[in-house]
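Peer 1:
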Amino acid sequence: MSDRSGIEWTEATWNPTTGCDRVSAGCDNCYALALAKRLKAMGAAKYQADGDPRTSGPGFALTLHRDTLEVPYGWKSPRTVFVNSMSDLFHAKVPLDFVRRVFMVMADTPQHTYQVLTKRARRLRRVADRLDWPANLWMGVSVETAAELDRVDDLRAVPAAVRFLSCEPLLGPLDGLDLDGIHWVIAGGESGPAHRPMEAAWAQQVRDACLEKEVAFFFKQWGGRTPKAGGRLLDGRTWDQMPLPVSA
């Protein structure tokens, strides 16, 4: 199986779970939900269970894939890995014991760097002290509008070596964004047929907050009908900064 990723800020993906449910405005045009529908139609075995039509969709029921837990042990070369690009590890239906097993695999493969991103920041904070946090795990939360800024406070309480924000799709200004204790910020606009445009001032606000706090900033895309439609330049340059490993 291929693990390589076209996502600009990572190198590979690993999905010990698939499926999810909408929790905020950033989920409205979820790429993973749309992809799961296509994969179900193609007969992909992992995407045959349908989620609740009110919050999920065809092929997108939260599903554990215990058979994938061993996959990282087989990777020969070190790589940066986005964990659960097609799900959310801290979804309420993912048992804590399963989360612990995922963390154990990450700890057992220190040659790789793992990036975990969640919208369930409150559950993340509640269970953080019941997990063993390996040094090669970067933990992030999605922040699409100012309504989700409380997720940053939850993330700050987590003892991850690197804490990061994904402000993508960025759907409004993030007035009051506090980057204390945050090491990296990704920002970008939405893509797809129903994409919601991102204003330049919103991206500039996030970039300027990063510059002020000396936080690494990665501008992924402007978005549009396709991910590359608007390009990646912000104020005439690319922003591809990555965090340095730091102590929690």
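Here the sequence shown stands for residues -16 to 231, where the numbers follow our numbering. Even glycine gets a Cβ: it sits at the ideal position worked out from N, Cα and C.
#1: Helix, strand or coil: which one does DSSP assign to LEU45?
#2: Could you pull the start and end residues of the beta strand (DSSP E) that TRP167 belongs to?
#3: Thinking C-beta only, is THR(-7) closer than 7 Å to SER70?
#4: Determine, using beta carbons only, whether ARG108 and ALA140 come nearer to each other than 7 Å.
#5: With burial defined as no fewer than 16 other Cβ atoms inside 10 Å of the residue's Cβ, what is the status of GLU195: buried or exposed?
#6: Along the chain, which unbroken stretches of the beta strand (DSSP E) at least 3 residues long are found entirely within the region 28 to 81?
#7: From the DSSP output, in three-state form, read off GLY164 for me.
#8: Any idea what DSSP makes of VAL135, helix, strand or coil?
#9: Note down, in chain order, each residue of its chain lying with its Cβ closer than 7 Å to the Cβ of ALA186, except the 5 sequence neighbours on either side.
#10: Please state whether the Cβ-Cβ distance between TYR97 and VAL64 is less than 7 Å.
#11: Can you have a look at PRO180 and say buried or exposed, based on whether 16 or more other CB atoms are within 10 angstroms of its CB?
#12: Exposed or buried, which one is SER(-15) when buried takes at least 16 other CB atoms within 10 Å?
#13: With DSSP as the reference, label MET89 as helix, strand or coil.
#14: How far does the beta strand (DSSP E) with GLN188 in it reach, from first residue to last?
#15: Between the region 71 to 87 and the region 99 to 113, are three or more C-beta pairs nearer than 8 Å?
#16: Shortest alpha-carbon distance to ALA143 belongs to which of GLY(-11), ALA90, LYS211?
#17: Buried or exposed: where does PRO41 fall if 16 or more other Cβ atoms within 10 Å of its Cβ makes it buried?
#18: From this set, ALA8, ALA118, GLY2, which residue's C-alpha is nearest GLN31's C-alpha?
#19: From which residue to which residue does the alpha helix (DSSP H) around GLU21 run?
#20: Please report how far the alpha carbon of ALA192 lies from the alpha carbon of LEU160, in whole angstroms.
Peer 2: Looking at the atomic coordinates:
#1: coil
#2: 167 to 171
#3: no
#4: yes
#5: exposed
#6: 63 to 66
#7: coil
#8: helix
#9: LEU153, ALA170, PHE202, LEU217
#10: yes
#11: exposed
#12: With a pLDDT of only 49 at SER(-15), under 50, the local geometry of the prediction cannot be trusted, and no value is derived from it.
#13: helix
#14: Per DSSP, GLN188 belongs to no beta strand (DSSP E); it is in the alpha helix (DSSP H), 183 to 196.
#15: yes
#16: ALA90
#17: buried
#18: GLY2
#19: Before going further, note that residue 21 is Arg rather than Glu in the sequence given. Unbroken alpha helix (DSSP H) run through ARG21: 14 to 24.
#20: 8 Å
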